[in-house]
Every structure is written in C-alpha cells, then in structure tokens.
Amino acid sequence: MRGAIDDLPAGEVALIQMRDISAESGVDWPGAIKVVPPGKRLPDFLQLGDVVFTTRGVRNVAAVVDDVPGPGICAPNLFVIRLAKGAPCLPGYLAWYMNQRPAQSYLQRSATGSSILNIRREVVEMLAVPIPRLQEQEAIIELSNAARVERRLLHNLIKNRDQQLEALALGLAGSAEAGL
130 MRGAIDDLPA GEVALIQMRD ISAESGVDWP GAIKVVPPGK RLPDFLQLGD VVFTTRGVRN
190 VAAVVDDVPG PGICAPNLFV IRLAKGAPCL PGYLAWYMNQ RPAQSYLQRS ATGSSILNIR
250 REVVEMLAVP IPRLQEQEAI IELSNAARVE RRLLHNLIKN RDQQLEALAL GLAGSAEAGL
C-alpha cells in the first residue's frame with residue numbers, strides 16, 4: 130500500500146490503523162475506515178487468531194484478532210503475526226506477552242528513529258517469547274481478560290462518581306445563586 134490512506138476510495142474493506150488497536154479492547158472494527166484495497170492483487174485479509182502489532186511510537190501494542198465482522202486489512206505501519214497451525218503458542222498469549230514489560234523493554238531498546246520510533250520486522254522476529262504449557266497460556270489469557278474487565282468496570286465506576294460529584298457541585302452552585 131503506497132500513498133496516503135485518506136486518498137483511498139471508500140469501499141467495503143475495513144482498514145485497521147494504529148488508532149484502531151488497543152491492548153485493552155483489541156481491534157476497534159467500528160472505528161476503522163472502509164476502503165477499496167489498493168493494487169491488483171487480492172489482499173491478505175485479517176483472520177481470527179491473527180496478532181496485530183503497532184510498529185511506531187513510544188508504546189507498541191499487540192492485540193489478538195478475536196472477531197472478524199467483515200473483510201479487513203492493516204495499514205503498512207502494522208505487522209500481522211499469523212501463527213502456524215499447531216504452533217505451541219496461543220495468539221492471546223503472544224499478544225499478552227508482547228504487551229508486557231520484558232518485551233516492551235526489548236522493543237524500545239531495538240527501535241530505530243530519532244523523533245518517531247519504529248520497530249523493524251527483524252526486531253519482532255528476534256523477540257524471545259517464553260512458551261509455557263498450553264494450560265498455563267490459557268490461564269494467563271483468562272487472568273489477563275479478567276484484569277481487562279476489572280479495569281473497564283473500575284473506569285466506569287470512577288466516571289459515574291465524577292458525574293455524581295459534578296451534579297452535586299452544579300446543585301450547590303444553583304442553590305447559592307438562588308440565595309438559599
């Protein structure tokens with residue numbers, strides 16, 4: 130894919146960009162723009178179990194594709210890691226590990242560029258990923274998913290409490306203005 134993404138004609142294929150990837154929520158399919166893929170060749174569409182990895186910036190995020198509501202492709206500044214059938218590593222575990230401090234430290238040390246850091250493909254290929262037994266990987270994925278749900282719930286509780294406090298302040302300000 131060459132040229133500006135904004136110049137692509139509107140179409141039916143979701144174009145996943147860095148802004149559409151989050152370690153917390155995965156791939157934001159509804160937020161992705163829909164385009165006609167460039168080029169004459171049929172693109173390699175995202176599949177369930179792919180791990181999408183952001184290659185630019187201070188924090189590089191990996192997210193597993195656990196939902197494919199329609200055809201999707203990635204922008205050039207994202208890597209798609211597709212594990213081989215029968216690989217000893219689960220996609221959810223790989224995405225989790227790539228987001229952890231040991232992997233992030235390695236990626237940052239290996240990044241190139243002065244103003245905008247960039248991770249090269251070779252750097253990702255050389256990332257040493259410890260591979261525990263499948264049962265342990267599944268337990269880590271479950272624990273990670275539970276922590277993600279807890280963070281979302283806590284965020285919502287804090288947001289609700291802030292709204293209560295704001296309503297209370299507005300009520301007090303209204304009472305003060307009315308001279309009560």
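All the letters of the sequence shown, read from the start, carry residue numbers 130 to 309 under the working numbering. Glycine included, C-beta positions come from ideal geometry on N, C-alpha and C.
Reference residue i; option with closest CA among the options
i, options, result
"Leu236", "Val187, Gly201, Val193", "Val187"
"Glu254", "Ile150, Ile210, Leu297", "Ile210"
"Arg238", "Tyr226, Leu256, Trp225", "Leu256"
"Pro172", "Pro200, Ala240, Gln229, Asp291", "Pro200"
"Pro159", "Gln146, Leu297, Leu286", "Gln146"
"Val190", "Pro167, Lys288, Arg148", "Arg148"
"Ile202", "Phe174, Arg262, Gln293", "Phe174"
"Met227", "Glu279, Ala307, Ala192", "Ala192"
"Tyr222", "Ile287, Asp179, Ile270, Ile245", "Ile270"
"Ala204", "Pro217, Pro167, Ser304, Gln229", "Pro167"
"Asn206", "Lys214, Leu246, Gln229", "Leu246"
"Gln233", "Val258, Arg170, Leu297", "Val258"
Residues near residue i in its chain [Cβ-Cβ closer than 7 Å; skip 5 each side]
i, result
"Arg277", "Glu153"
"Phe208", "Phe182, Thr184, Arg250, Val253"
"Val156", "Ile145, Asp149, Ile150, Val181, Ala192, Val194"
"Ala224", "Val180, Ala191, Ala192, Val193"
Nearest-angstrom beta carbon gap, residue j and residue i [assumed within contact, 8 Å]
i, j, result
"Gln264", "Leu219", "About 11 Å separates the two Cβ atoms, so there is no contact after all."
"Pro217", "Ile260", "5 Å"
Beta-carbon proximity list for residue i, same chain, < 8 Å, skipping 5 on both sides
i, result
"Leu177", "Val194, Asp195, Asp196, Val197"
"Lys163", "Ala139, Gly140, Glu141, Val142, Ala143, Leu144"
Strand pairing of residue i, partner residues [DSSP]
i, result
"Ser151", "Gly155"
"Cys203", "Ile145"
"Lys169", "According to DSSP, which records beta bridges pairwise, Lys169 is partnered with nothing at all."
"Ala192", "Val181"
"Ile162", "Leu144"
"Ala139", "Val164"
Residues near residue i in its chain [Cβ-Cβ closer than 6 Å; skip 5 each side]
i, result
"Val165", "Pro138, Gly140"
heavy atom of the ligand FAD below 7 Å from residue i C-beta
i, result
"Ile210", "Ligands in the displayed structure: none, and consequently the ligand FAD is not present."
Exercise for the section: Pick out the complete beta strand (DSSP E) segments inside the stretch 205–257, 3 residues or longer, and give them in chain order. Expected result: 207–210
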